[in-house]
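Working notes, structure below.
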Amino acid sequence: MTNIINYFQSSIWTIVSFIMVTIIILIPLLSFLSYSFFTVDNVEIIHEFSLYNFKEFLTGEIYIPTFFRTLLLALTVMIACMITGYPIAYFLAMYAHRSKYFILLILIIPLFMSYIIKIYMMRSILGYSGLINKLLMMFGIISEPSEFFLYNQNAVIITLIIILLPLIIIPTFTSLEKIPRNIIEATYDIGCKPFQSFRYVIFPISLPGLIVGAVFVFILALGDFVTPQLVGGTSGFTYGKIIYSNFGMAFNWPFGTALASILLIVSVIIILLTNYLTRKT
Amino acid sequence: MTRAETFTKYILGFLTIFVVIALYAPIVLTIFYSFYKTRKGKVDWDSFSYEPYTKLIFEKQILESLVNSVYVGLVTVVFSVLIGFYFANYYHTHKGKMREFLQFVIFLPFLLPPIISGLALLIFFREVGLPRSLNTVVIGHTIFVLAIVYKIILNKLETLKPSLMESAYDLGANKLQAFWYVLLPNIKLSLVIAGLLAFTISLDETLITLFLIGDDTTWPIKLWAKMRVGFSKQVNASVTLILILTTTLVLLIAWIISKSEKKIMY
Amino acid sequence: MSSILELQNISKNYGSSVVLKDINLSIENNEFFTILGSSGSGKSTLLRIIGGFVKPSGGDLIFNSKVINEEPIFKRPFNTVFQDYALFPNMNVYNNIGFGLKIRKLDPKTITDKVEEVLSIVGLNDFKKRMPHELSGGQQQRVALARAIVCEPKVILLDEPLGALDAELRKQMQLFLKDIQKKIKTTFVFITHDQEEAIFLSDRIAVLNNHQFEQVGSPKELYYNPKSKYLASFFGECNLIDGTVDHINSDIITINTAFGKINVKNKYKNISQNQNVTFAIRPEQIFLNQNKDNNSFSTKVDRVEFKGAVTNIILNFPKNIKIKVQINNAEEQIAINENDQFNIYFDPNFGNLFVND
Numbered sequence: 001m002t003n004i005i006n007y008f009q010s011s012i013w014t015i016v017s018f019i020m021v022t023i024i025i026l027i028p029l030l031s032f033l034s035y036s037f038f039t040v041d042n043v044e045i046i047h048e049f050s051l052y053n054f055k056e057f058l059t060g061e062i063y064i065p066t067f068f069r070t071l072l073l074a075l076t077v078m079i080a081c082m083i084t085g086y087p088i089a090y091f092l093a094m095y096a097h098r099s100k101y102f103i104l105l106i107l108i109i110p111l112f113m114s115y116i117i118k119i120y121m122m123r124s125i126l127g128y129s130g131l132i133n134k135l136l137m138m139f140g141i142i143s144e145p146s147e148f149f150l151y152n153q154n155a156v157i158i159t160l161i162i163i164l165l166p167l168i169i170i171p172t173f174t175s176l177e178k179i180p181r182n183i184i185e186a187t188y189d190i191g192c193k194p195f196q197s198f199r200y201v202i203f204p205i206s207l208p209g210l211i212v213g214a215v216f217v218f219i220l221a222l223g224d225f226v227t228p229q230l231v232g233g234t235s236g237f238t239y240g241k242i243i244y245s246n247f248g249m250a251f252n253w254p255f256g257t258a259l260a261s262i263l264l265i266v267s268v269i270i271i272l273l274t275n276y277l278t279r280k281t
Numbered sequence: 001m002t003r004a005e006t007f008t009k010y011i012l013g014f015l016t017i018f019v020v021i022a023l024y025a026p027i028v029l030t031i032f033y034s035f036y037k038t039r040k041g042k043v044d045w046d047s048f049s050y051e052p053y054t055k056l057i058f059e060k061q062i063l064e065s066l067v068n069s070v071y072v073g074l075v076t077v078v079f080s081v082l083i084g085f086y087f088a089n090y091y092h093t094h095k096g097k098m099r100e101f102l103q104f105v106i107f108l109p110f111l112l113p114p115i116i117s118g119l120a121l122l123i124f125f126r127e128v129g130l131p132r133s134l135n136t137v138v139i140g141h142t143i144f145v146l147a148i149v150y151k152i153i154l155n156k157l158e159t160l161k162p163s164l165m166e167s168a169y170d171l172g173a174n175k176l177q178a179f180w181y182v183l184l185p186n187i188k189l190s191l192v193i194a195g196l197l198a199f200t201i202s203l204d205e206t207l208i209t210l211f212l213i214g215d216d217t218t219w220p221i222k223l224w225a226k227m228r229v230g231f232s233k234q235v236n237a238s239v240t241l242i243l244i245l246t247t248t249l250v251l252l253i254a255w256i257i258s259k260s261e262k263k264i265m266y
Numbered sequence: 001m002s003s004i005l006e007l008q009n010i011s012k013n014y015g016s017s018v019v020l021k022d023i024n025l026s027i028e029n030n031e032f033f034t035i036l037g038s039s040g041s042g043k044s045t046l047l048r049i050i051g052g053f054v055k056p057s058g059g060d061l062i063f064n065s066k067v068i069n070e071e072p073i074f075k076r077p078f079n080t081v082f083q084d085y086a087l088f089p090n091m092n093v094y095n096n097i098g099f100g101l102k103i104r105k106l107d108p109k110t111i112t113d114k115v116e117e118v119l120s121i122v123g124l125n126d127f128k129k130r131m132p133h134e135l136s137g138g139q140q141q142r143v144a145l146a147r148a149i150v151c152e153p154k155v156i157l158l159d160e161p162l163g164a165l166d167a168e169l170r171k172q173m174q175l176f177l178k179d180i181q182k183k184i185k186t187t188f189v190f191i192t193h194d195q196e197e198a199i200f201l202s203d204r205i206a207v208l209n210n211h212q213f214e215q216v217g218s219p220k221e222l223y224y225n226p227k228s229k230y231l232a233s234f235f236g237e238c239n240l241i242d243g244t245v246d247h248i249n250s251d252i253i254t255i256n257t258a259f260g261k262i263n264v265k266n267k268y269k270n271i272s273q274n275q276n277v278t279f280a281i282r283p284e285q286i287f288l289n290q291n292k293d294n295n296s297f298s299t300k301v302d303r304v305e306f307k308g309a310v311t312n313i314i315l316n317f318p319k320n321i322k323i324k325v326q327i328n329n330a331e332e333q334i335a336i337n338e339n340d341q342f343n344i345y346f347d348p349n350f351g352n353l354f355v356n357d
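Protein chains in written order, with the working numbering: chain U, 1 to 281; chain E, 1 to 266; chain B, 1 to 357.
The structure is reproduced here in structure tokens:
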């Protein structure tokens with residue numbers, strides 16, 4: 001009897017929990033997906049099933065190229081963050097000894113500092129008369145201020161790296177730090193030189209952490225629309241910016257949603273893939 | 001340590017220093033510009049003044065957006081900690097496929113690009129006829145930070161021994177008493193950490209907020225709007241103040257974590 | 001036999017705290033050598049100095065008559081079996097074992113042959129595809145050992161490898177280790193805090209106490225002729241009886257104890273009249289019910305502890321002195337009860353005298 005009551009109670013909670021997440025997360029996501037099959041007439045949204053938006057995506061001149069350019073951009077940001085973030089996480093975990101948590105904290109704090117401000121200030125750092133140009137000229141590397149850094153793809157990439165870099169350092173550091181000291185000693189004991197020890201043991205063990213961080217960076221870079229808006233100029237047009245513009249001036253919610261749902265599908269595939277890859281090791 | 005290793009160590013050390021400088025450059029510049037004026041790209045070193053900070057009192061719009069942000073942050077903390085605790089406890093005390101599914105759904109808004117969470121809620125609110133306001137922003141923030149809050153509380157719950165609650169029941173406590181006298185005191189630090197983190201994230205959330213805000217403004221949205229006309233020194237001053245606040249919050253979180261870790265050790 | 005590894009005046013200190021001082025040791029080729037010490041005695045540090053993980057503060061480490069102080073870890077022909085195994089979590093059993101050979105750039109065929117051979121030595125052929133976390137403690141232990149021996153090191157260092165195993169498995173692994181060592185004929189340097197384990201496994205034992213070696217010798221030497229009171233009670237149980245030297249002649253020393261005079265065979269050079277001494281004798285070296293003129297005492301039984309193969313009898317002597325006597329249950333089939341009156345006899349040939357400061 002108590003078993004039945006317990007079972008009943010437990011299934012009530014299960015139902016309540018299910019309803020809660022459904023209302024706050026699943027239904028919004030589903031209504032979002034359904035919108036991508038609607039169309040718009042002037043300012044009225046027509047709630048009828050149609051594949052028009054996806055046809056538009058496939059046939060429109062700018063959408064697919066922009067999509068792939070944005071994928072490439074996110075990939076570039078991700079790789080740059082991996083190349084910079086991994087050595088830093090490695091330095092913290094292996095060489096920074098007691099001050100490792102302190103330095104980690106210093107690296108994390110900017111993550112919580114105003115996102116808009118960081119982007120805005122990157123303008124005055126990267127701009128024609130910005131800090132970077134001044135420094136480069138001061139050291140005699142260039143003689144004229146360069147326009148390489150602002151209102152283009154480069155600016156978007158550099159800014160996204162500055163914003164997202166801490167995200168890759170945290171999980172990588174955690175996975176490196178968890179490697180027991182004696183496993184590293186065992187590699188030397190067995191005859192590894194330091195680089196072999198890194199290549200065959202330390203790196204493979206820390207790889208899942210690096211992947212998790214990299215995926216975070218990739219997805220956030222892929223969906224960002226504020227950074228390209230502020231520092232990208234006209235050539236820094238990204239997929240996220242197109243989505244956003246459909247909710248502003250263009251006012252074509254269904255089409256914006258259709259574009260976003262493609263982003264959603266790509267993201268979910270990446271998340272599931274990461275989950276699978278990191279679980280196996 | 002071999003010579004190659006020592007060399008590597010120094011190279012990596014320099015890289016770390018360089019990255020710290022790069023990460024802080026935009027922030028330091030903001031603080032700098034709140035005190036000094038520039039004219040045609042040249043810094044006027046005599047122009048130091050903290051006047052923008054006192055003038056901030058008269059900037060009604062900025063102040064209002066700050067108040068709004070704090071309001072949104074606080075309500076988000078309450079909701080996310082309550083719901084986060086509920087689901088963490090559900091996951092901790094139940095078995096089966098359902099809990100994995102719920103966990104996955106909770107993680108979705110955090111893992112997906114913010115633009116998607118923002119859009120999904122925007123469309124949802126439109127369909128159910130809920131007008132956009134600070135309250136819809138609160139819902140958006142709650143869903144966004146829920147995964148972090150949930151994970152922090154769940155991690156803490158998993159460290160507790162099952163015998164803890166069992167012995168409370170064994171000694172005659174009912175569910176409420178066991179929760180209040182045994183479970184809560186043991187997890188309260190994780191609730192505080194989760195809450196502080198939720199507040200810090202909410203304070204600066206921009207990408208989801210942009211879709212849900214309507215006619216009100218929160219502080220990041222005000223900055224976004226002001227950016228087109230360029231920042232006044234008062235804006236820079238408000239940024240500096242918020243930076244101090246978030247840094248304090250993060251340091252507080254770190255301090256609590258380091259304290260609670262020591263507690264576990266003894 | 002010749003000495004393969006020599007430690008000369010090895011010392012180690014961290015700042016002002018001394019861990020090891022003036023350690024001298026010579027380990028023979030192919031012997032099973034155990035360093036025995038309680039936790040915090042510095043035994044692990046000593047092993048880590050040999051392995052190259054820790055630099056000594058002073059002294060020389062000599063391998064085959066060559067000083068190897070500065071030799072980096074990966075060049076030393078030693079391999080270590082770590083306390084918690086330290087298996088590489090990203091490699092399966094086969095790759096864990098073959099890793100050292102791969103690093104040495106052996107050809108794949110040789111690697112396969114050697115790994116298979118070692119796998120069958122440690123009896124893990126069926127587990128070669130498993131990941132470390134899919135193995136039990138004992139199996140992980142075998143992999144760690146296999147990984148060390150496959151590289152054919154001149155010395156295998158074992159850092160309390162059995163510490164984490166439960167009692168039953170521990171016994172099995174002890175037998176296993178002894179077998180392996182005979183089979184592969186390699187020098188083992190083994191660390192433990194467990195005296196029984198040390199006695200069972202070792203050809204020779206070095207006891208580390210207060211940062212120095214208290215005694216180095218075969219298990220029998222250490223058990224029957226300990227050099228100090230500390231060692232006497234460190235290896236197995238021991239009755240310690242305080243007294244003063246009554247008189248000395250060429251083959252017998254007589255001491256005065258709280259319950260009478262005891263004669264002990266004189267094999268000492270440093271003992272003189274009236275000195276305070278302690279007489280140490282093991283419970284199984286005391287005989288029951290033998291009434292002789294000398295060295296014979298009668299008293300009451302305080303407690304009887306039945307232990308299966310043996311029985312411990314604790315006897316009450318004046319001044320609250322308790323003496324433990326152990327009898328073999330197969331030999332002495334007598335019923336002993338509390339408060340029975342008994343005679344015990346100390347054979348002068350047994351026991352040791354230690355001078356007290």
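Cβ coordinates follow ideal geometry from the N, Cα and C atoms, glycine included.
Just how far apart, CA to CA, sit residue i and residue j?
i      : j      : result
M1/B   : F32/B  : Residue confidence is low: M1/B scores 49 on pLDDT, short of 50, so the model does not pin down where it sits. No coordinate-derived value is stated.
N274/B : K229/B : 19 angstroms
L251/E : Q141/B : 43 angstroms
Y150/E : T200/E : 16 angstroms
L63/E  : M113/U : 18 angstroms
T311/B : S233/B : 19 angstroms
L135/U : L126/U : 11 angstroms
I62/U  : L73/U  : 16 angstroms
V72/E  : L245/E : 16 angstroms
S190/E : K156/E : 7 angstroms
L183/E : L29/E  : 46 angstroms
P77/B  : S120/B : 23 angstroms
I264/E : L74/E  : For I264/E, the predicted structure reports a pLDDT of 49, less than 50, and the residue's modelled location is therefore unreliable. A value from the coordinates is still provided. I264/E and L74/E: Cα-Cα distance of roughly 29 angstroms.
N352/B : E28/B  : 29 angstroms
G191/U : L107/U : 35 angstroms
T281/U : P28/U  : Caution is warranted here: a pLDDT of 48 is assigned to T281/U, below 50, making its placement in the model unreliable, and the coordinate value is therefore given only provisionally. Straight-line Cα distance between these residues: approximately 34 angstroms.
Just checking my contact of residue i with residue j at CB under 8 angstroms: how many whole Å lie between their CB atoms?
i      : j      : result
S358/B : I191/B : Lying before the first or after the last residue shown, residue 358/B is absent from chain B, which here runs from 1 to 357.
M227/E : I163/U : Rounded, the Cβ-Cβ distance is 16 angstroms, inconsistent with contact.
A258/U : F57/U  : 6 angstroms
T257/B : D159/B : Their Cβ separation, rounded to whole angstroms, is 43 angstroms, which puts T257/B and D159/B out of contact at 8 angstroms.
L263/U : Y239/U : 7 angstroms
For a test of the three-state rule: what should DSSP assign to residue i, helix, strand or coil?
i      : result
E214/B : strand
Y128/U : coil
Y150/E : helix
N42/U  : coil
Point to revise | Three-pair Cβ contact test at 8 angstroms for the region 285-305 of chain B versus the region 315-331 of chain B | key: yes
Check your understanding: Is the region 28-48 of chain E in contact with the region 206-213 of chain E, if contact means three or more CB pairs nearer than 8 angstroms?
Key -> no
Check your understanding: Looking at C-beta atoms only, is the number of pairs between the region 144-152 of chain U and the region 185-205 of chain U that lie closer than 8 angstroms three or more?
Key -> no
**Study point:** Where the region 22-37 of chain E meets chain U: residues whose CB sits under 7 angstroms from a CB there
**Key:** A22, L23, Y24, A25, P26, I27, L29 and T30
Check your understanding: Along the region 181-215 of chain U, what residues have a CB closer than 8 angstroms to any CB found in chain B?
Key -> N182, I183, E185, A186, T187, Y188, D189, I190, G191, C192, K193, Q196, Y200, V201, P204 and I205
**Study point:** Touch test, the region 4-17 of chain B against the region 89-107 of chain E, Cβ-Cβ under 8 angstroms, three pairs minimum
**Key:** no
**Study point:** Three-pair Cβ contact test at 8 angstroms for the region 220-234 of chain U versus the region 13-25 of chain U
**Key:** no
Review point. Of the residues that make up the region 88-107 of chain B, which ones have a beta carbon closer than 7 angstroms to any beta carbon in chain U?
Key: F88, P89, N90, F99, G100, I103 and R104
Exercise for review: Pair every Cβ in the region 267-280 of chain U with every Cβ in the region 76-88 of chain U, then say whether three or more of these pairs are closer than 8 angstroms.
Suggested key: no
Check your understanding: Quick check: the region 86-105 of chain B against the region 60-73 of chain B, are there 3 or more CB pairs under 8 angstroms?
Key -> no
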